[in-house]
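Working notes, beginning with the structure itself.
Residue numbers (the working numbering): 139 to 449.
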């Protein structure tokens, strides 16, 4: 066999046995009482159903046994539950672990090294629900080009969002009106920030935005005619004018692509991973009452994607 033919054969074999085609066993841990987690598993299963190289084994948190998990020798582990995540973080094992369906501020409660855990937890990555700052700032600019002052309320739990937001507005004429406060003082800050800002950008922080504070935030902002950018479907339904969100189908598609191609952790150079796919949801009734008229949600999402592609 001549050298040229030999190279062709070796090249063909390299394609056939490339990492993306090797069988992979994935263990997924979830809370059986969480309908949200069950819906995510259903969406993820649809993404990988036609991928024979990938085997997904589900384990409920009440039946989670670390010795059994280790004996099954999975190629990767997915955790949808914070209690399971705490156990996995403590193991210090050499298996890639993906923590999904969490916000950065919630994940920080059990992984205090966040947002940068590359040194202390090199095998762990967090597929977070939060949207990147540039994406949110672009939405605000598309909604109203006259907006100048963006109000943001954060606690220590979510203060790491400040720097990315500052970086995102560097090339613009926008200003950040940041209120770093304690959870007990949030309700006293709402009036000030609604009065002094053109728009409020809500950051996922359960100490600021929760079932007891949400109505007050929205009513106070509405009284001052200050629109709110939300971060969930429920937030927009309650009265935020718009927001960037990722559905379970979009989140599962992103995670499935990482699993199917068995992306090495080096492909994710940060401890946390923003959603790759997203949509824009708006409350047109509230926007109309605030005299705001902006493009359709599909147009907004398309503009944001085009902007990110150009970056």
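All C-beta atoms, glycine included, are put in the ideal place defined by N, C-alpha and C.
Note that the structure is predicted; figures quoted are calculated from it, not measured.
Just the C-alpha distance for residue 199 and residue 222, rounded to the nearest angstrom, thanks.
Position 61 of the chain shown, counted from the start, is the residue given in the question as residue 199. Position 84 of the chain shown, counted from the start, is the residue given in the question as residue 222. Each residue's Cα considered, the two are about 7 Å apart.
I'd like the list of long-range same chain contacts for residue 159, defined as Cβ closer than 8 Å, with 5 residues on each side in sequence excluded.
Taking the first residue of the chain shown as position 1, residue 159 is located at position 21. Only weak support exists for where residue 159 lies, its pLDDT of 38 falling under 50; the value from the coordinates is given anyway. In chain order, 191 place their CB closer than 8 Å to the CB of residue 159, counting only its own chain and leaving out the 5 sequence neighbours on each side.
On the three-state DSSP scale, how would you describe residue 157?
Along the chain shown, read from residue 1 onward, the residue named residue 157 stands at position 19. Annotation note: pLDDT 39 at residue 157 (below 50); position unreliable, coordinate value reported separately. Here residue 157 sits in helix by DSSP.
Taking residue 364 as the reference, which of 293, 304, 427 has the closest Cα?
Looking up residue 364 in the chain shown gives position 226. Checking every option, the nearest Cα to that of residue 364 belongs to 427.
Can you name, in chain order, every residue of its own chain whose Cβ lies under 7 Å from the Cβ of residue 144, other than the five neighbours on each side?
Position 6 of the chain shown, counted from the start, is the residue given in the question as residue 144. With a pLDDT of 36 at residue 144, under the threshold of 50, the modelled position of that residue is not reliable, and the figure given next carries that caveat. Around residue 144: no qualifying Cβ.
On the DSSP letters alone, give me the boundaries of the alpha helix (DSSP H) that residue 369 sits inside.
Stepping through the chain shown from its first residue, residue 369 is reached at position 231. According to the DSSP assignment, residue 369 belongs to no alpha helix (DSSP H), since it is labelled neither H nor E.
Check whether the region 283 to 291 and the region 407 to 416 are in contact - that is, three or more C-beta pairs closer than 8 Å.
By the Cβ rule, the region 283 to 291 does not count as touching the region 407 to 416, because fewer than three pairs are nearer than 8 Å.
With a 10 Å radius around its C-beta and 16 neighbouring C-beta atoms as the bar for buried, classify residue 361 as buried or exposed.
Taking the first residue of the chain shown as position 1, residue 361 is located at position 223. So residue 361 counts as exposed.
Which residues in the same chain as residue 189 place their Cβ atom closer than 7 Å to its Cβ, once the five residues preceding and following it in sequence are excluded?
Position 51 of the chain shown holds residue 189. Listed in chain order, the non-local C-beta contacts of residue 189 below 7 Å within the same chain comprise 398, local neighbours out to five positions each way being set aside.
Where the alpha helix (DSSP H) through residue 177 begins and ends:
Start at 1 with the first residue of the chain shown, and residue 177 comes out as number 39. 173 to 186 is the span of the alpha helix (DSSP H), which, as asked, contains residue 177.
Report the rounded CA-to-CA distance for residue 196 versus residue 307, giving the unit in angstroms.
To locate residue 196, count along the chain shown from 1; it is residue 58. To locate residue 307, count along the chain shown from 1; it is residue 169. A straight-line Cα-Cα distance of about 42 Å links residue 196 and residue 307.
What runs of the beta strand (DSSP E), each 3 residues or longer, lie entirely inside the region 253 to 313?
DSSP runs (the beta strand (DSSP E)) wholly in the region 253 to 313: 262 to 266, 287 to 292.
Collapsed DSSP secondary structure at residue 162 in the structure displayed
Looking up residue 162 in the chain shown gives position 24. In the structure shown, residue 162 falls within a strand segment according to DSSP collapsed to helix, strand and coil.
What is the DSSP secondary structure of residue 429, counted as helix, strand or coil?
As a position in the chain shown, residue 429 is number 291, starting the count at 1. Coil at residue 429, not helix or strand.
Rounded to whole angstroms, how far is the Cβ of residue 318 from the Cβ of residue 292, which I believe are closer than 8 Å?
Against the chain shown, residue 318 aligns to sequence position 180. Against the chain shown, residue 292 aligns to sequence position 154. For a cut-off of 8 Å, the C-beta gap from residue 318 to residue 292 is around 6 Å, short enough to register as a contact.
Residues bridged to residue 317 by DSSP?
Reading the chain shown from its first residue, position 179 is the one you call residue 317. DSSP lists 291 as the beta-bridge partner residues of residue 317.
Which one of 367, 233, 275, 241 has the shortest CA to CA distance from residue 204?
On the chain shown, residue 204 is found 66 positions in, with the first residue counted as 1. Here the closest residue by C-alpha is 233.
Please report the distance separating the alpha-carbon of residue 259 from that of residue 235.
Taking the first residue of the chain shown as 1, we reach residue 259 at position 121. Taking the first residue of the chain shown as 1, we reach residue 235 at position 97. Looking at the backbone, the Cα of residue 259 and that of residue 235 are separated by about 10 Å.
How many whole angstroms separate the CB atoms of residue 280 and residue 441, which I take to be in contact at a CB cut-off of 8 Å?
On the chain shown, residue 280 is found 142 positions in, with the first residue counted as 1. On the chain shown, residue 441 is found 303 positions in, with the first residue counted as 1. Confirmed, Cβ separation roughly 6 Å.
Determine the DSSP secondary structure at residue 241, reduced to helix, strand or coil.
Taking the chain shown and counting its residues from 1, the one referred to as residue 241 is at position 103. In this structure, DSSP gives residue 241 a state outside helix and strand, which the three-state scheme calls coil.
When DSSP labels each residue in this structure, what does residue 222 get in the three-state scheme?
Stepping through the chain shown from its first residue, residue 222 is reached at position 84. Helix.
Based on the DSSP secondary-structure assignment, which residues constitute the bridge partners of residue 168?
In the chain shown, residue 168 corresponds to position 30, counting from 1. For residue 168, which the question treats as bridged, DSSP gives the partners 198.
Assign residue 214 to one of three DSSP states: helix, strand, or coil.
By 1-based counting over the chain shown, the position of residue 214 is 76. In this structure, residue 214 counts as strand in the three-state DSSP scheme.
Cutoff 7 Å; reference residue 368; Cβ partners in own chain excluding five residues on either side
What you label residue 368 is simply residue 230 of the chain shown in a count that begins at 1. The answer, listed in chain order, is 340, 374, 378, 381.
Roughly how many angstroms lie between the CA atoms of residue 275 and residue 210, to the nearest whole one?
Position 137 of the chain shown holds residue 275. Position 72 of the chain shown holds residue 210. If I take the Cα positions, the gap works out to 45 Å.
Spatial neighbours of residue 343 in its chain, beta-carbon cut-off 7 Å, leaving aside the 5 residues before and after
Residue numbering aside, residue 343 sits at position 205 when the chain shown is read from its first letter. Excluding sequence neighbours, residue 343 sits near 243, 292, 293, 295, 296.
Could you pull the DSSP bridge partners for residue 192 from this structure?
To locate residue 192, count along the chain shown from 1; it is residue 54. In the DSSP output, where bridge partners are listed per residue, residue 192 has 162.
May I ask which residues mark the beginning and end of the beta strand (DSSP E) holding residue 380?
Looking up residue 380 in the chain shown gives position 242. Unbroken beta strand (DSSP E) run through residue 380: 380 to 383.
Quick check on the burial criterion: 16 or more other C-beta atoms within 10 angstroms. Buried or exposed for residue 250?
What you label residue 250 is simply residue 112 of the chain shown in a count that begins at 1. Burial is judged here by how many other beta carbons sit within 10 angstroms of a residue's own beta carbon; residue 250 has fewer than 16 and is exposed.
State the CB to CB distance for the pair residue 438 and residue 418, rounded to an integer number of angstroms; the pair is presumed to be in contact (CB under 8 Å).
For the purposes of this step, residue 438 is taken as the residue at position 300 of the chain shown. For the purposes of this step, residue 418 is taken as the residue at position 280 of the chain shown. At roughly 4 Å, the Cβ-Cβ gap stays under 8 Å, so residue 438 and residue 418 are in contact.
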